[in-house]
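*Asks:* Handing you this structure, nothing more for now.
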Amino acid sequence: MLDSSTFYFLAASVPLVYVIQLAVDFRRAVKATNNAPGLHHVLSPTTFLANAIPFYIPGFAIGMNRAFVEKYETFKEFGVDIHTIVSYWPRAMIMYNVADPAAIKEIVGSRARWPKHVEQYSLVNYFGGNIVATEGDEWKRHRKIANPAFSEPNNRLVWSEAVRITMDMIENEWNNAEEHKVNNVNEITLSVALLIIGSAGFGRKISFSDDLRVPPGYKMSFKDALHYTSTNMIVPVVFPGWALNLTAKLRTIRDAVKELRMYIQELIDERRDLDKKTERHDLFSSLLEANLEEDEGSRTRLDDSELIGNIFIFLLAGHETTAHTLCFTLGLLALHPDQQEILYQNIMSVLPDGRVPKYEDMNSLSYVNAVFYETLRLFPPVNTIPKKCAEDTTLTTTNAAGEKVVIPVAKGSGITLHTPGLHYNPRYWKDPYEFRPQRFMEDWPKDAFLPFSGGARQCIGRRFSETESIAILTILIQRYRVEVLEEPQFASETYEERYKRVLAVTAGITNTPIRVPLTSIEATVN
């Protein structure tokens, strides 16, 4: 039996041995990078704590939203478009930040060598197995069922619903007013995007003027369940179940998620009983139809929980991402009236009689698309795309002198496709901080543009988002001139201060505008 002094000595030695082992592993990790340029941190960038700290602490943690804050600056500091982050805790880890388009093209083009880091997406399985949180054969299974839903008929439906809902807002919410002031335009874009995903996504045609009647067996309307869930999807994922009972707001979110699951299950049961000759082009119906075409009992067929999981993912990606991008777009146009005028003239050249745009007009609305893309370049929805290295290999990049640099990458290392670093890389984008939509009207570096990821795992809803956004922007700029809302407390601010205030970003599931009070909106066409 151990005496007390021996016991206490051994007890005190355990944490010391742990720290020493961490230090040894850390040194091995640094050596494995062959002293490639990079950062050394105590906290791994993959930990919640490292990303929850509100600011960057050199040598300790990257801090909240660091990738967007730094953009290309760290790459510039090291003089190379790939750099390492070697971290100490909770275990020694090597990560490579990549802002080199050729290297990124190689990574997204070889899923076997550079698979998705699905462990970092495990939380989204809360809603059910889905296309985002899977890889390999399991991902192919989800993709086979989901891909047919994003079809040309669905794109047409997205366009018509975006037009209908935006016009409904102008006519019934704004009462065709010549001037309409909005404290935060993000509230508008979130509402419009929500109604579009409700219709083109779920096949439930809802509008601003809908009443909120609650059907028997439910606590809230479909519209409310959709709203509370879509705007708070991260809450039930992060908080344990018992914590969702603590406050009235948390209980509302808990109930909304539960209610939306019930609505979706009811829709699944309804659509299965519908006459198959009835053509429906919303995502939900198309997803269900593709699934039913698989033989019953087939491993390819998704079960109901997986159908629900994918629908929740479509809701998350198709609502907040598009809404925030549209909000940033309107903010940028308000701050750049010259670009807004060019956009207006392009729209009027396609629609000289002021008619409502048709889906067939979309390809002609080239400057609308350019404005949308330039916003995505400046404010990419997702800052980092995690991959991992499946084998010992190398990545080749270029240094500041234009020389090729070969960087060894060890099996098991983390890879981060650094979207802001890529989008603000001056090697490929002249004046990268400038809002210049014209660059997308010329020959532009497609491999240096990654708002929808790339390769086989490119965002499946890309065309949905583009179609919706171009339709909404066309109608708004065709009818209104957007300006920054004048507020007395900001009367003396400089243009730079105004720009920084109006386009301030906070971290969320995607880059999120804090408050865009840009809208003193004046009618130009009735």
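Numbering-wise, this note's numbering puts 170 at position 66 of the sequence shown, and it's gapless, one number per residue. Here a beta-carbon is modelled for each residue, glycine too, at the ideal position from N, C-alpha and C.
1) Run through DSSP, which three-state label would Arg585 get?
2) Report the rounded CA-to-CA distance for Lys135 versus Pro119, giving the unit in angstroms.
3) Under the assumption that Lys492 contacts Gly518 (Cβ atoms under 8 Å), give the Cβ distance between them as a whole number of angstroms.
4) Nearest to Arg561 by CA position, among Lys209, Thr178 and Arg195, is which residue?
5) Residue range of the alpha helix (DSSP H) that Val606 falls in?
6) Between Ile613 and the rest of its own chain, which residues show a CB-CB distance below 8 Å, the 5 nearest in sequence each way excluded?
7) Sorted by chain position, which residues of the same chain lie with C-beta nearer than 8 Å to Asn487's C-beta, five sequence neighbours on each side aside?
8) Determine contact between the stretch 490 to 509 and the stretch 436 to 452, defined as no fewer than three beta-carbon pairs at a distance below 8 Å.
9) Need the endpoints of the alpha helix (DSSP H) that Ile211 sits in, please.
10) Which value, in whole angstroms, describes the spacing of the CA atoms of Thr238 and Pro592?
11) In angstroms, rounded to a whole number, what distance separates the CA positions of Val342 and Leu227?
12) Would you report the Cα separation of Ala360 and Arg543, rounded to the nearest angstrom?
13) Pick helix, strand or coil for Asn279, following the three-state DSSP scheme.
14) To which residues of the same chain is His385 closer than 6 Å at the C-beta, ignoring the five residues directly before and after it?
15) Based on the DSSP secondary-structure assignment, which residues constitute the bridge partners of Thr498?
16) Let's test the definition: count the other Cβ atoms within 10 Å of the Cβ of Asp204 and tell me whether it reaches 16, buried, or not, exposed.
17) Ignoring anything shorter than 3 residues, give me the beta strand (DSSP E) runs that lie fully in the stretch 292 to 361, in order along the chain.
18) CB-CB under 6 Å to Tyr471, same chain, minus the five flanking residues each way: which ones, in chain order?
19) Taking Ile417 and Ile186 to be in contact with their CB atoms under 8 Å, please state how far apart those CB atoms are, rounded to whole angstroms.
20) Considering only residues of the same chain and omitting the five flanking positions on each side of Ser389, which have a CB-CB separation below 7 Å?
21) Quick test of the definition: if touching needs 3 or more C-beta pairs under 8 Å, does the stretch 531 to 542 touch the stretch 472 to 484?
22) Whole angstroms are fine: how far does the CA of Phe312 sit from the CA of Asn630?
23) Expressed to the nearest angstrom, what Euclidean distance is found between the alpha-carbon atoms of Ile412 and Leu364?
24) Please list the terminal residues of the continuous alpha helix (DSSP H) segment that includes Val472.
25) Given Ile564, which residues of its chain have a CB within under 8 Å of its CB, disregarding the five upstream and five downstream residues?
26) DSSP beta-bridge partners for Asn503?
27) Taking its Cβ as the centre, do 16 or more other Cβ atoms sit within 10 Å of Ile124, making it buried, or is it exposed?
28) So for Ile564, helix, strand or coil by DSSP?
29) Where does Lys244 fall in DSSP's three states?
30) Mapping the DSSP letters down to three states, classify Asn630 as helix, strand or coil.
31) Could you pull out every residue in the same chain whose Cβ sits closer than 6 Å to the Cβ of Ala611, ignoring the five residues on either side in sequence?
32) Let me check understanding here. Comparing Cα to Cα, which of Gly516, Pro549 and Met545 lies closest to Tyr532?
33) Classify Ala575: buried if its beta carbon has 16 or more other beta carbons within 10 angstroms, exposed otherwise.
34) Any contact between the stretch 143 to 162 and the stretch 577 to 588? By contact I mean 3 or more CB pairs, one from each, below 8 Å.
35) Evaluate Ser191 with the Cβ neighbour count: other Cβ atoms within 10 Å of its Cβ, from every protein chain shown; 16 or more gives buried, anything less gives exposed.
36) Using the Cβ count rule (16 or more neighbours within 10 Å means buried), how would you classify Ala427?
*Replies:* From the atom records:
1) strand
2) 24 Å
3) 6 Å
4) Lys209
5) Tyr599 to Val606
6) Met337, Ile338, Leu420 and Glu424
7) Asn169, Ala171, Phe172, His522, Thr523, Pro524 and Asn615
8) no
9) Pro205 to Gly213
10) 51 Å
11) 8 Å
12) 43 Å
13) coil
14) Pro257, Asn258 and Leu261
15) Pro512
16) buried
17) none
18) Leu447 and Asn450
19) Contact flag wrong, Cβ pair sits at about 30 Å.
20) Gly307 and Arg375
21) yes
22) Legend: pLDDT at Asn630 = 40, less than 50; position of this residue unreliable, value from coordinates given subsequently. Between Asn630 and Phe312, the C-alpha separation is close to 21 Å.
23) 10 Å
24) Ser470 to Leu482
25) Ile235, Arg247, Ala250, Asn251 and Phe254
26) Val184
27) exposed
28) coil
29) helix
30) Residue placement at Asn630 is poorly supported in this model, since its pLDDT is 40, which falls under 50; the coordinates are not used for a value here.
31) Met168 and Asn169
32) Pro549
33) buried
34) no
35) buried
36) buried
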